[in-house]
Amino acid sequence: MPGDVRLLNTGSLLELSRRLRAAGGENIRQSMHRRIRRAAEPLRDDLQSAIRQTRITSDGRRSRGGPSPTTRPLRATIADAVRISVRTGSSPGATVWVDKGRLPADLKKMPDTINDGRIRHPVFGNPRRWATQWASPPWWDTTVRQHRPRMEREVARVLDDVRRRLE
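Read left to right, the sequence shown gives residues 28 to 194 (my numbering).
Below, the structure is given as structure tokens:
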């Protein structure tokens with residue numbers, strides 16, 4: 028993706044992770060894990076919604092040329108691949124990303140391409156005829172920019188709560 032979203036405050040998270048291990052606070056660790064995941068879930072949901080609602084238009088013919096050669100829905104396939112990963116071990120933090128392993132081989136670059144705004148592809152698989160389509164706005168960048176301040180505030184609040192519980 029243009030840049031996976033990472034909820035990291037490395038120094039604070041590493042220090043808390045060490046203190047949690049030393050204190051043996053499994054309940055506190057599970058709570059921190061769950062709360063950090065909850066902070067990232069609205070971003071994941073909005074990213075999925077944004078890709079599903081992204082408009083893709085073309086400059087070419089206005090009439091349709093026939094049925095699509097594939098039955099899989101492009102935007103829904105990409106939306107289903109948006110994932111969250113939360114770690115509280117040696118490298119603590121949360122990451123929201125598009126899991127390209129969940130995408131078909133021919134669509135692995137498509138999330139980046141749609142975010143860039145220009146989609147160039149062969150017409151119905153014909154390598155001698157190409158079409159250009161346009162997607163706007165950048166679904167990933169715009170959504171992440173809107174959520175970043177809220178996520179940073181929530182993670183800072185979680186870290187403060189965990190510090191207080193460890194003291």
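Cβ atoms here follow ideal geometry from the backbone N, Cα and C, with glycine treated the same way.
Nothing here was measured: the structure is a model prediction, and the numbers come from that model.
Fewer than three pairs of CB atoms, one per stretch, sit closer than 8 Å, so the region 56–64 makes no contact with the region 124–137. When beta bridges are read from the DSSP output, residue 149 appears opposite 157. Counting only the Cα atoms, residue 148 lies some 29 Å from residue 172.
Taking a 10 Å sphere around the C-beta of residue 152, we find fewer than 16 other C-beta atoms and assign the residue as exposed. Distance from residue 73 to residue 159 at the Cβ level is roughly 28 Å; contact not present, criterion being Cβ atoms closer than 8 Å.
Note on residue 186: 16 or more other CB atoms within 10 angstroms of its CB, so buried under the neighbour-count rule. A distance below 8 Å separates the beta carbons of residue 142 and residue 167.
Close CB contacts of residue 104 within its chain, under the 8 Å cut and outside five residues either way in sequence, are with 130, 131 and 134 (chain order).
Put simply, of 120, 112, 156 and 42 the residue whose alpha carbon is nearest the alpha carbon of residue 179 is 120. For residue 122, the enclosing beta strand (DSSP E) begins and ends at 120–125. DSSP places residue 84 inside the beta strand (DSSP E), whose first and last residues are 82–85. Judged by beta-carbon spacing, residue 78 lies within the 8 Å limit of residue 106, meaning their Cβ atoms are closer than that value.
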